[in-house]
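Some notes on the structure that comes next.
There are 2 protein chains.
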Amino acid sequence: MAHPTLEDVAARAGVSRALVSLVMRGSPKVGKERREAVLRAARELGYRPNMMARSLAAGRTGMIGVLLSDLHDPWSSAVHDGLADEAARRGVRLLLATGRGSPARERAALDDLLDLRPDGVVLAGPKLAAADIERAAARCAVTVVGRSVRSDRVDCVTGDGAAAVARALGHLADLGHHRVACLDLGPRPSPLRRACPDVAAGPDELWRAPAPPTAVLALGDTTGTGALIALLRAGKRVPEDVSLIVHGDPPGARAEAVTTIASPPAELGREAAALLLERIGEGARSTARRVTVPPLLNERGTVR
Amino acid sequence: MAHPTLEDVAARAGVSRALVSLVMRGSPKVGKERREAVLRAARELGYRPNMMARSLAAGRTGMIGVLLSDLHDPWSSAVHDGLADEAARRGVRLLLATGRGSPARERAALDDLLDLRPDGVVLAGPKLAAADIERAAARCAVTVVGRSVRSDRVDCVTGDGAAAVARALGHLADLGHHRVACLDLGPRPSPLRRACPDVAAGPDELWRAPAPPTAVLALGDTTGTGALIALLRAGKRVPEDVSLIVHGDPPGARAEAVTTIASPPAELGREAAALLLERIGEGARSTARRVTVPPLLNERGTVR
DNA sequence: CTGAAAGCGCTAACAA
DNA sequence: TTGTTAGCGCTTTCAG
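Top line first, the protein sequences correspond to chains U and F.
Each step along the first sequence adds one to the number in the UniProt record's numbering, with nothing skipped, and position 231 is 231.
Each step along the second sequence adds one to the number in the UniProt record's numbering, with nothing skipped, and position 147 is 147.
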């Protein structure tokens with residue numbers, strides 16, 4: 001039998017379908033005797049409940065949808081880690097979907113996800129239009145990670161980039177670095193530039209000044225090693241000649257022992273899952289919550 | 001109405017449920033008149049078919065499950081890109097799950113995925129026991145990517161590491177490099193070492209030889225910049241002093257213009273999707289297929 | 001082209 | 001504790 005059903009299990013165990021259903025859902029009000037008979041029959045048959053049928057009948061799926069805007073962004077994967085941890089702890093299943101970097105595909109993915117009727121969805125770093133998010137919120141509980149959305153029906157969990165920059169600068173100052181340059185490596189100017197005292201256009205420019213910086217804070221370094229390589233290529237030793245802190249914490253930074261600062265994405269994920277499950281539990285709630293996760297300094301080998 | 005049903009649409013359009021069902025599935029045998037009335041009603045109501053109900057009734061879900069062993073591995077994301085492309089082209093939906101790097105979690109994720117009754121699954125880089133894969137194959141069509149499985153019911157799509165090494169070595173030789181060293185940076189020794197003539201334990205060792213290498217082939221460089229940084233730190237200019245080819249094609253290599261060689265993972269994904277859909281279409285088929293995707297050289301800036 | 005009817009595998013009352 | 005009875009929203013016949 002390719003896919004035994006509840007009925008097959010009931011027949012084999014010699015009990016009713018309802019009893020099997022109770023056992024499968026772990027109801028306490030079934031006698032030890034029969035419970036074990038059912039469990040044995042299920043095991044022998046290789047029975048697995050059909051989620052489609054179960055969800056349809058129950059009216060809830062017990063799953064939460066997760067839309068990761070871009071699988072290639074390590075930030076998304078890290079958020080997912082946090083979500084998965086929390087979901088596993090609470091016994092809910094995750095339904096993953098991805099936007100593959102484009103708002104249009106993201107929107108399509110969200111629609112497909114919603115068709116599966118998850119009890120709620122978390123949107124990680126969505127590039128979606130606000131209207132699309134609002135539309136989703138009309139269909140199920142929604143929490144957004146990494147973006148602040150003005151809506152009274154969606155919860156938001158965000159990091160704190162400005163605090164990260166301030167903390168990095170403070171840390172460097174404590175170490176005696178008073179000439180700190182910011183390097184913005186991203187394809188687009190980082191919004192965090194405003195939080196920086198002194199932003200260089202490119203790495204070369206740094207050493208032309210009369211008093212060159214003794215430390216660099218890198219923004220938009222997606223691989224985590226871009227700034228390090230630029231410094232190395234300029235003939236600087238790191239950290240002997242110049243200290244380096246990168247904002248964000250991509251795997252390359254870990255691998256090359258680059259000191260970084262960022263609000264830990266896994267933490268964002270964990271918070272988001274907690275918020276979403278709470279909201280699902282309460283049914284509709286009027287107040288939207290906003291959680292901000294503080295930055296964490298990862299001291300590694302590029303600062304002295 | 002939070003979730004209008006087929007019946008609501010039928011009522012609003014003034015037609016039968018069956019007709020709406022036909023229209024929603026794009027049947028050609030519905031008159032233009034009525035089709036448009038139905039479509040309009042559906043749009044006005046914001047109707048979306050309930051996949052749970054649809055799948056349950058139809059006996060197929062029209063979805064294929066994708067188990068990515070590790071979301072943090074860029075290889076997985078790239079395989080997913082190929083799968084998603086091909087799936088979009090053929091109008092099937094993807095159901096994502098992840099093993100988060102651990103065989104146990106991978107196994108649990110696979111079980112959860114299977115409970116959703118996908119028409120087939122593709123296992124990308126599974127760390128699963130062969131028995132678990134076989135078990136999955138008993139429940140639906142399975143194709144494995146990036147690992148060769150001995151089974152006559154699962155298709156396999158793999159890259160060709162040995163060919164990649166040979167091709168890289170050949171390319172360097174054509175350029176006049178006759179002293180090429182291999183650097184194995186991975187946590188575990190790469191199986192590709194056997195394909196290399198000369199493997200150094202670490203970067204430092206390279207320059208102690210009387211005739212130091214003029215080119216380096218890096219294995220197991222997961223970030224794609226590990227070898228470059230090691231070379232730079234050793235005071236070598238790349239490619240002026242030494243040429244570098246990295247096996248694999250992680251984002252860091254692209255960002256830092258490192259020349260790489262690998263069987264393109266997106267291509268593996270595309271092949272896998274095609275194979276799986278073919279197998280699903282045919283129902284059970286006896287012969288398992290194995291596809292090998294040849295390596296591709298990505299000429300960037302680290303070879304001369 | 002339409003409407004009625006049966007059923008996918010399961011849950012959730014309710015009765016027994 | 002158990003069995004019975006309705007559905008969940010949809011697809012699929014089949015006779016009109």
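For each residue, glycine too, the CB sits at the ideal point set by N, CA and C.
Nothing here was measured: the structure is a model prediction, and the numbers come from that model.
Query raised in the report: If we ignore side chains and look at the alpha-carbon of each, how far apart do U/Glu44 and F/Pro203 end up?
Result: As a first step, residue 44 of chain U must be located in the first sequence, where it is residue number 44. As a first step, residue 203 of chain F must be located in the second sequence, where it is residue number 203. Spanning the two alpha carbons is a distance of roughly 56 Å.
Requested in this report: Mind listing the chain F neighbours of U/Asp115? Cutoff is C-beta to C-beta under 8 Å, in chain order.
Outcome: Here residue 115 of chain U refers to the residue found at position 115 of the first sequence. Those within 8 Å of U/Asp115 in chain F are Arg48, Pro49, Asn50 and Met51.
Query - Counterpart residues of U/Leu67 in DSSP-defined beta bridges - result: Along the first sequence, read from residue 1 onward, the residue named residue 67 of chain U stands at position 67. Paired residues: U/Ala97 and U/Leu123.
**Report entry** CB contact check: U/Glu256 to chain F, cutoff 7 Å
**Finding:** Locating residue 256 of chain U in the first sequence gives position 256, counting from the first residue. Closer than 7 Å to some Cβ of chain F, the Cβ of U/Glu256 qualifies, so yes.
Report task. Could you pull out every residue in the same chain whose Cβ sits closer than 8 Å to the Cβ of F/Arg40, ignoring the five residues on either side in sequence? Result -> Here the question's residue 40 of chain F lines up with position 40 in the second sequence. Excluding positions up to five away in sequence, the list reads Ala13.
**Report entry** For U/Arg237, three-class secondary structure by DSSP
**Finding:** The sequence position of residue 237 of chain U within the first sequence is 237, counting from 1. Of the three classes helix, strand and coil, the one that applies to U/Arg237 here is coil, per DSSP.
Query raised in the report: Based on the DSSP output, what are the partners of U/Arg290 in its beta bridges?
Result: Numbered from 1 along the first sequence, position 290 holds the residue referred to as residue 290 of chain U. DSSP output for U/Arg290 lists U/Cys156 as bridge partner(s).
Requested in this report: Below 6 Å CB to CB, which residues in the same chain sit around F/Gly120 once its five sequence neighbours on both sides are set aside?
Outcome: Position 120 of the second sequence, counted from the first residue, corresponds to residue 120 of chain F. Answer for F/Gly120: Ile64, Cys140, Ala141, Leu276 and Ile280, listed in chain order.
Query raised in the report: Between the segment 125-136 of chain F and the segment 118-134 of chain U, do at least 3 Cβ pairs fall closer than 8 Å?
Result: no
Query - Residues that F/His177 contacts on chain U, provided the C-beta gap is smaller than 9 Å - result: Stepping through the second sequence from its first residue, residue 177 of chain F is reached at position 177. In chain order: nothing, as chain U lies at least about 22 Å away.
Requested in this report: Run the CB neighbour count on U/Lys32, radius 10 Å, all protein chains shown included, and call it buried at 16 or more, exposed below.
Outcome: Counting from one through the first sequence, the residue named residue 32 of chain U turns up at place 32. Exposed, since its Cβ has fewer than 16 Cβ neighbours within 10 Å.
Report task. Identify every run of the alpha helix (DSSP H) within the segment 181-234 of chain F, keeping only runs that are complete inside it and at least 4 residues long; order them along the chain. Result -> 226-233
Query raised in the report: What residues from chain U crowd round F/Ala84, counting only those whose CB sits closer than 7 Å?
Result: Sequence index remark: in the second sequence, residue 84 of chain F carries index 84 (1-based). Arg100, listed in chain order.
Requested in this report: Check the DSSP bridge columns for U/Ile261 and list the partner residues they point to.
Outcome: To locate residue 261 of chain U, count along the first sequence from 1; it is residue 261. Paired residues: U/His247 and U/Leu297.
Report task. Compute the distance between the beta-carbons of U/Pro74 and U/Pro250, then report whether it is under 7 Å. Result -> Indexing the first sequence from 1 puts residue 74 of chain U at position 74. Indexing the first sequence from 1 puts residue 250 of chain U at position 250. Yes; because the gap between Cβ atoms is below 7 Å, this pair is in contact.
Query - Residues near U/Leu206 in its chain [Cβ-Cβ closer than 8 Å; skip 5 each side] - result: Position 206 of the first sequence, counted from the start, is the residue given in the question as residue 206 of chain U. Contacts found: Ala181, Leu183, Ala200, Pro212, Pro213, Val216 and Ala234.
**Report entry** Alpha-carbon to alpha-carbon, U/Arg193 and U/Leu22
**Finding:** Numbered from its first residue, the first sequence carries residue 22 of chain U at position 22. Numbered from its first residue, the first sequence carries residue 193 of chain U at position 193. When rounded, the distance between both Cα atoms is 58 Å.
**Report entry** DSSP-derived helix/strand/coil call for residue 327 of chain F
**Finding:** Residue 327 of chain F is absent from the structure shown; chain F starts at 1 and stops at 304.
Query raised in the report: With burial defined as no fewer than 16 other Cβ atoms inside 10 Å of the residue's Cβ, what is the status of F/Thr158: buried or exposed?
Result: For the purposes of this step, residue 158 of chain F is taken as the residue at position 158 of the second sequence. So F/Thr158 counts as buried.
Query raised in the report: DSSP on F/Arg25, reduced to helix/strand/coil?
Result: As a first step, residue 25 of chain F must be located in the second sequence, where it is residue number 25. Three-state result, F/Arg25: coil.
**Report entry** Segment contact flag, the segment 43-59 of chain F with the segment 78-85 of chain F, C-beta cutoff 8 Å, min 3 pairs
**Finding:** no
Query raised in the report: With 7 Å set as the bound, which would you pick, yes or no: does the beta-carbon of F/Arg93 sit closer than that to a beta-carbon of chain U?
Result: The residue you call residue 93 of chain F lines up with position 93 of the second sequence. Chain U contact via Cβ: present.
Report task. Report yes if the C-beta distance between U/Ile245 and U/Pro295 is below 7 Å; otherwise report no. Result -> Numbered from its first residue, the first sequence carries residue 245 of chain U at position 245. Numbered from its first residue, the first sequence carries residue 295 of chain U at position 295. Taking 7 Å as the Cβ cut-off, U/Ile245 and U/Pro295 do not qualify as a contacting pair.
Query raised in the report: Given a limit of 7 Å on CB to CB distance, which residues of the UniProt domain "HTH lacI-type" (4-58) of chain U reach chain F?
Result: Arg48, Pro49, Asn50, Met51, Met52, Ala53, Ser55 and Leu56
Query raised in the report: By a C-beta neighbour count over all protein chains shown, 10 Å radius and 16 as the cutoff for buried, is F/Ala257 buried or exposed?
Result: Here residue 257 of chain F is taken as the residue at index 257 of the second sequence, counted from 1. By the neighbour-count rule (16 or more Cβ atoms within 10 Å), F/Ala257 is not buried but exposed.
**Report entry** Member of F/Val145, F/Ser243 and F/Ala136 whose CA lies at the smallest distance from the CA of F/Ala78
**Finding:** Taking the first residue of the second sequence as 1, we reach residue 78 of chain F at position 78. The residue with the shortest Cα to Cα distance from F/Ala78 is F/Val145.
Query raised in the report: Which word fits F/Ala2, buried or exposed, when buried means at least 16 other C-beta atoms lie within 10 angstroms of its C-beta?
Result: Sequence index remark: in the second sequence, residue 2 of chain F carries index 2 (1-based). Label assigned to F/Ala2: exposed.
**Report entry** Listed by chain order, chain F residues near U/Asp112 by CB distance under 7 Å
**Finding:** Translated into positions along the first sequence, residue 112 of chain U becomes position 112. Within 7 Å Cβ-Cβ: Arg93.
Query raised in the report: Closest Cβ-Cβ distance between F/His247 and chain U: below 7 Å?
Result: Taking the first residue of the second sequence as position 1, residue 247 of chain F is located at position 247. So, not an interface residue.
Report task. Taking U/Ala137 as the reference, give the member of U/Arg289, U/Asp152 and U/Gly170 with the closest Cα. Result -> The count along the first sequence starts at 1 and reaches residue 137 of chain U at position 137. It is U/Asp152 whose Cα lies nearest to the Cα of U/Ala137.
Query - Span of the alpha helix (DSSP H), counted from its first residue to its last, around F/Asp111 - result: For this step, residue 111 of chain F is matched to residue 111 along the second sequence. F/Asp111 -> alpha helix (DSSP H) spans Pro103 to Asp115.
Query raised in the report: In whole angstroms, what is the alpha-carbon distance linking U/Pro264 and U/Arg147?
Result: For the purposes of this step, residue 264 of chain U is taken as residue 264 along the first sequence, with counting starting at 1. For the purposes of this step, residue 147 of chain U is taken as residue 147 along the first sequence, with counting starting at 1. Spanning the two alpha carbons is a distance of roughly 15 Å.
Query - Nearest-angstrom beta carbon gap, F/Arg237 and F/Glu86 [assumed within contact, 8 Å] - result: To locate residue 86 of chain F, count along the second sequence from 1; it is residue 86. To locate residue 237 of chain F, count along the second sequence from 1; it is residue 237. 42 Å between Cβ atoms; not a contact.
Query - Closer than 7 Å to chain U by CB, F/His72 - result: In the second sequence, residue 72 of chain F corresponds to position 72, counting from 1. Closer than 7 Å: yes.
Report task. Would you kindly report the start and end of the unbroken alpha helix (DSSP H) that includes F/Ala10? Result -> As a working mapping, residue 10 of chain F is identified with position 10 in the second sequence. Its alpha helix (DSSP H) spans residues Leu6 to Ala13.
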